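Novice: My questions all concern the structure below.
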C-alpha cells in the first residue's frame, strides 16, 4: 500500500521520482550540484526518522566522452569507442526512428 504521484507540468525544470510507503520514502532526483542523481531513502517518522543519501553519477555518455578524449590524447584505441560499437549505436538509433514511423512497433536488433 502506498501513494504514487506523477506531475508532468510545471514552471521549473526538475527530474524526480518519489515513492512513499508505510515504512518510508525513496526519492530519486537529478543532483543540483554535480552530474548525476541523488537517491534519498527515508525510514520512520518524527524523531525516529532515518535518512540515507547516495549519489549516483552518470555513467553512460560521460564515460564514453572521457574514453574518447583519452584515446585522442594518447593515440590508442579504447574498447568503449570502437567502430563496431559505433555501428551498434547507429543500428539502435535507426531502429528507434523506424519504430516511431511505424507507430511504435517492436523491431528486432541483431545482438551479435
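Numbering (the working numbering), first residue to last: 102 to 213. Ideal Cβ positions, reconstructed from N, Cα and C, are used throughout, including at glycine. What you are looking at is a predicted structure, and each value in this text was computed from that prediction instead of being measured.
Which residue spans inside the region 175-206 form an unbroken alpha helix (DSSP H) run of at least 4?
Specialist: Segments of the alpha helix (DSSP H) lying fully in the region 175-206: 184-202.
Novice: Helix or strand or just coil, what does DSSP make of residue 144?
Specialist: By one-based count along the chain shown, residue 144 stands at place 43. Three-state DSSP puts residue 144 in a strand.
Novice: Let me check one thing: in DSSP terms, what residues is residue 156 bridge-paired to?
Specialist: Against the chain shown, residue 156 aligns to sequence position 55. Residue 156 is bridged to 139.
Novice: Let me check one thing: in DSSP terms, what residues is residue 116 bridge-paired to?
Specialist: Looking up residue 116 in the chain shown gives position 15. According to DSSP, which records beta bridges pairwise, residue 116 is partnered with nothing at all.
Novice: Taking contact to mean at least 3 C-beta pairs separated by less than 8 Å, is the region 193-203 in contact with the region 168-179?
Specialist: Segments in contact, no.
Novice: I need the straight-line Cα distance from residue 192 to residue 207, nearest angstrom please.
Specialist: One-based indexing of the chain shown puts residue 192 at position 91. One-based indexing of the chain shown puts residue 207 at position 106. Approximately 14 Å between the Cα atoms of the pair.
Novice: What are the residues that DSSP puts in a beta bridge with residue 131?
Specialist: Taking the first residue of the chain shown as position 1, residue 131 is located at position 30. Paired residue(s): 138.
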